[in-house]
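K.L.:
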Amino acid sequence: MSLSDLLGLLFLLFFVILPALQGLRRAPPTPPGFPEDLPPLEPPPKPRARPKPRPKTLPTPPPEPRRPEGESLERFPSLEKTPLEVRFREEVEETPTPKRRAKRLVSTDPESLLKGVIWHEILKKKPRGW
Numbered sequence: 015m016s017l018s019d020l021l022g023l024l025f026l027l028f029f030v031i032l033p034a035l036q037g038l039r040r041a042p043p044t045p046p047g048f049p050e051d052l053p054p055l056e057p058p059p060k061p062r063a064r065p066k067p068r069p070k071t072l073p074t075p076p077p078e079p080r081r082p083e084g085e086s087l088e089r090f091p092s093l094e095k096t097p098l099e100v101r102f103r104e105e106v107e108e109t110p111t112p113k114r115r116a117k118r119l120v121s122t123d124p125e126s127l128l129k130g131v132i133w134h135e136i137l138k139k140k141p142r143g144w
């Protein structure tokens, strides 16, 4: 056994094994600033009951005025109202758009490889003053 081996074993004993054994033997310390006998915590207050939203009442329509008995209850069609015309949308032919290929993060064409090598060399050099 050489001197360097003995020094290595002493280092291992004093700085690794003994502190580990002392840590296992000791009880976990209490954090500083926290007294041991604290009063018990108060239970949190009960949540207040929220009032239930009242359903909105629809306004009642005003009562219709009374008509004399001899008057007819039929309504005459209004001249302003006209029936609506229904039109369907015209069908538009959908032209399929050519799907673009997703741009690859790393491409392997010769130009991209050359650019990557150049950037690697640029970033490898330390700036002046370092």
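Numbering-wise, the sequence shown is residues 15 to 144 according to the numbering used here. The beta carbon of each residue, even a glycine, is placed where N, CA and C say it ideally should be.
(1) With respect to the alpha helix (DSSP H) encompassing Phe25, which residues constitute its N-terminal and C-terminal limits?
(2) Measuring only the C-alpha atoms, how far is Leu32 from Pro53?
(3) What's the C-alpha gap between Asp123 and Val106?
P.N.:
On the basis of the coordinates in this document:
(1) That run of the alpha helix (DSSP H) goes Leu17 to Leu26.
(2) Between Leu32 and Pro53, the C-alpha separation is close to 39 Å.
(3) Put simply, the backbone Cα of Asp123 is about 41 Å away from that of Val106.
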